[in-house]
Amino acid sequence: MSEIMINISLILLSISVLFLARSIELLADGKKDTAKFGIKMIYPLMGFCFGTVVVLVTKLV
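All letters in the sequence shown, in the order written, are residues 1 to 61 by the UniProt record's numbering.
Printed below as a string of structure tokens:
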């Protein structure tokens, strides 16, 4: 069960990294409002996924 949770959180983490890259690309294009909104939405998701991975890995080890 915990392996499934690790896989799900890693998939969400990779998706959030892609969104962060897109937000940085928008920021470079000069669309600041859209990029700021994207970055504000992504950081909590990245933190949650990273925290879940850390907790589950420490439980496995």
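Note that the Cβ used here is the ideal one computed from N, Cα and C, for glycine as well.
query                                                                                                                : result
Quick check on DSSP: helix, strand or coil for G30?                                                                  : coil
How would you call I8, buried or exposed, if buried means at least 16 neighbouring beta carbons within 10 angstroms? : exposed
Smallest Cα separation from Y43: which of I24, D29 and L60?                                                          : I24
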